[in-house]
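Remarks on the structure that follows.
There are 2 protein chains.
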Amino acid sequence: MGSTIGYALGMTVPPVSRRDRKKAATRQAIADAALQLFLERGYDQVGIRDIADAADVSTATVFKHFSGKEALVFDQDQDRESELIAAVRQRPSGQSILDALRQHVLDTWPSIEAHPQAAEFTNLVDSTPVLRAYAERMWTRYTDSLSAAIADEIGVDHDDLACVALARFVLDIPALARGRQDRRAAVEAIFDILTHGWEPPSKPPAP
Amino acid sequence: MGSTIGYALGMTVPPVSRRDRKKAATRQAIADAALQLFLERGYDQVGIRDIADAADVSTATVFKHFSGKEALVFDQDQDRESELIAAVRQRPSGQSILDALRQHVLDTWPSIEAHPQAAEFTNLVDSTPVLRAYAERMWTRYTDSLSAAIADEIGVDHDDLACVALARFVLDIPALARGRQDRRAAVEAIFDILTHGWEPPSKPPAP
DNA sequence: GCAAAAAAGTACAACGACTCTACTTAGCGA
DNA sequence: TCGCTAAGTAGAGTCGTTGTACTTTTTTGC
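Sequence lines, in order, name chains A and B.
For the first sequence, position 121 (counting from the first letter as 1) is numbered 108 according to my numbering, and the numbering increases by one without interruption.
For the second sequence, position 90 (counting from the first letter as 1) is numbered 77 according to my numbering, and the numbering increases by one without interruption.
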C-alpha cells in the first residue's frame, strides 16, 4: 500500500504518454456521460447519439472505445477478471482452490454493491433485459481464463473438463445470488454444493 | 406409441382450424427458408429480406412469427424445455432427481446430433458467435422452470437456492460438453461433480 | 527542431435489424 | 350473409453499427 508501483498483474495501468492520457480521458468522458444518461432516462431511452453529444465526441469515437452500447455500462470488467485469476494463482500455500475461490468471492463480490451509486446501478442492470443478458455473458466469458488458471495450479491440461466445469459453476454465482436477501449465505450454500455434492434440501416442517 | 393423441404436456399441439394450419405453414416456410439459406451462405451473409423473399412473405411477417433473426435458427426450442421438465416430473418412482436428469441428458442430448443435417447445423451454430451466445442464453432461460419443477418434486419453495443452482448447473452442460470428443463421458463426469462434489483431477503421470 | 509516421478523432453516408402505421385479405362464428 | 378477428402487406422510419475519406494531434527518428 502507498507504493506508486505495484499493480496486480493484468490490472489497468495508468496512462503514461500525453496521448494515452487524453485517450483515457475521452473514454472516461464517454462512459460517464453514458452512465449518467442511462440512470436518468433508462437504457432504452438513450441513443448512442445522445451519449456522443453529451461527451462532445462523434458517434464513431464512441465505437472506437467501446465494442457496443451494452459495454458502455460495464467498463472496468477487465479488472474483475484479473482479480479472479489472481485469487487462484496467488492463494496462500496449502489453501485449496475451492477455498481460495470461496474466500475471494465472499470478500469482493458482495461488497461491490456497498458503494453509494451501486443500488441505482444494480437496479438499472436488473431492470433492463439486454443488460442482464450481457452481464451474464460477461461472466461466462471468463470461463476459459479461469479454468486455465485452475488447471495450471493443478498441473493438468488447460481444457480439463473438471476445471472448465468448476470455473463455469463459480462464474454462475453472480447470476444465482442476484436478488437474494442474504448474498453471503447464498455464496456459502453454492460452494457447499460444489464441495460436497448436491442433496435435496430438507422440506420445511408441515404447518 | 402409435396413438394419435397423447402429446406430452406443453408440447406443440397440431393446429386445428384452417387458419391455424395456414399460420403454422407460414411459420414453417419461414423457418425452412431461413435454415436453408443460412446453411448455404452462412448466417451473416443472409438478410431478413432474403428469407422473406424465399418464403414469399413480407419482412414484417417474419417478425410476427419470430422474435428476432437468431430465433429463426432455434424454432422448436419450446419442446426441448418441455421434455426436460417432464423428465423430472414424470420420473420413475424411487429415482432421484439427479439420476433422472442424468438419464434424460444422456438419452436425448447427445443423440440429437445423430440426425443427418445435424452436423451442418451444429457447425453453423458453433461458427457463428451470435448464435452460440443465443444458444447458451436459450438454455439458461429454462433455469426458472426447471428449478420450479425440481422444487415441486421435493416440496420446497420455488426459489429454493439449491434447486435453482442445480437447474443452472445442469443447463450449463450443453455449453460445457460442446466440442468434446466423448460427449457422454463429459456428461457423466459433470454429473459426478454435481453428485459427489468437486475434486482436483489427478495429474497425468510425469513423462 | 522537423519531417514523417502513427494514432485519435470527425463528418457523413450507408446497411441491416427491427418497429410502426395504415391498409388489405382471409377465415370464422352467429 | 354480416361483421369480427387475426394474418399479412407495404412502406416509411428508428437505431445500432460500420466504412470511407479526411483533419488534427502526438510521437518518433534523424
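From the three backbone atoms N, C-alpha and C, an ideal C-beta is built for every residue, glycine too.
Distance check for residue j and residue i, CA to CA, integer angstroms please.
i	j	result
residue 4(A)	residue 12(A)	12 Å
residue -4(B)	residue 73(B)	The predicted model places residue -4(B) with a pLDDT of 47, which falls under 50 and marks its position as unreliable, so this point remains unresolved.
residue 92(A)	residue 174(A)	8 Å
residue 55(B)	residue 90(B)	33 Å
residue -6(A)	residue 82(A)	The pLDDT assigned to residue -6(A) is 46, lower than 50, so where the model puts this residue is not dependable; a value taken from the coordinates is nonetheless given after this. Taking the straight line joining both Cα atoms gives about 23 Å.
residue 178(B)	residue 165(A)	25 Å
residue 63(B)	residue 183(B)	34 Å
residue 65(B)	residue 40(A)	43 Å
residue 119(B)	residue 19(B)	20 Å
residue 150(B)	residue 45(B)	44 Å
residue 189(B)	residue 143(A)	8 Å
residue 110(B)	residue 156(B)	24 Å
residue 113(B)	residue 148(A)	19 Å
residue 24(B)	residue 33(B)	7 Å
residue 180(A)	residue 88(B)	17 Å
residue 170(A)	residue 154(B)	19 Å
residue 49(B)	residue 137(B)	36 Å
residue 85(B)	residue 78(B)	11 Å
residue 27(A)	residue 57(A)	16 Å
residue 103(B)	residue 10(B)	28 Å
residue 167(A)	residue 186(A)	20 Å
residue 97(A)	residue 76(A)	21 Å
residue 140(B)	residue 158(B)	18 Å
residue 125(A)	residue 70(A)	15 Å
residue 163(B)	residue 68(A)	20 Å
residue 21(A)	residue 35(A)	9 Å
residue 17(A)	residue 37(A)	11 Å
residue 176(B)	residue 152(A)	10 Å
residue 195(A)	residue 29(B)	Since the first residue of chain A shown is -12 and the last is 194, residue 195(A) is not available in this structure.
residue 132(A)	residue 31(B)	28 Å
In three-state DSSP terms, what is residue i?
i	result
residue 104(B)	coil
residue 182(B)	helix
residue 115(B)	coil
residue 132(A)	helix
residue 190(A)	coil
residue 4(B)	coil
Can you say whether residue i is buried or exposed, counting buried as having 16 or more other CB atoms within 10 angstroms of its CB?
i	result
residue 258(B)	Residue 258(B) lies beyond the residue range present for chain B, which begins at -12 and ends at 194; the question has no answer from this structure.
residue 107(A)	exposed
residue 52(B)	buried
residue 134(A)	buried
residue 47(A)	exposed
residue 146(B)	exposed
residue 127(A)	buried
residue 7(A)	exposed
residue 60(A)	buried
residue 94(B)	exposed
residue 123(B)	buried
residue 14(B)	buried
residue 116(A)	exposed
residue 161(B)	buried
residue 42(B)	buried
residue 172(B)	exposed
residue 101(A)	exposed
residue 105(B)	exposed
Exercise for review: Note down, in chain order, all residues in the segment 179 to 190 of chain A with a beta-carbon under 7 Å from any beta-carbon belonging to chain B.
Suggested key: 180, 181, 182, 183, 184, 185, 187, 188, 190
Point to revise | chain A contacts made by the segment 38 to 65 of chain B, where a contact means CB separation under 7 Å | key: none
Review point. If you scan the segment 23 to 107 of chain A from start to end, which runs of the beta strand (DSSP E) of 3 or more residues do you find wholly inside it?
Key: none
Check your understanding: Which runs of the alpha helix (DSSP H) fall wholly inside the segment 142 to 184 of chain A and span at least 4 residues, in chain order?
Key -> 148 to 158, 160 to 164, 170 to 183
Check your understanding: In chain order, what residues of the segment 116 to 128 of chain A put their CB closer than 9 Å to some CB of chain B?
Key -> 120, 123, 124, 127
Check your understanding: What are the residues of the segment 128 to 146 of chain B that lie near chain A, defined by any Cβ-Cβ distance shorter than 7 Å?
Key -> 141, 142, 143
Point to revise | Near-chain A residues of the segment 73 to 92 of chain B (beta-carbon distance less than 9 Å), N- to C-terminal order | key: 83, 84, 85
**Study point:** Contact set between the segment 155 to 171 of chain A and chain B, restricted to residues whose Cβ is under 8 Å from the partner
**Key:** 155, 156, 159, 162, 163, 167
Point to revise | Contact residues within the segment 4 to 21 of chain B, judged by C-beta distance below 8 Å to chain A | key: none
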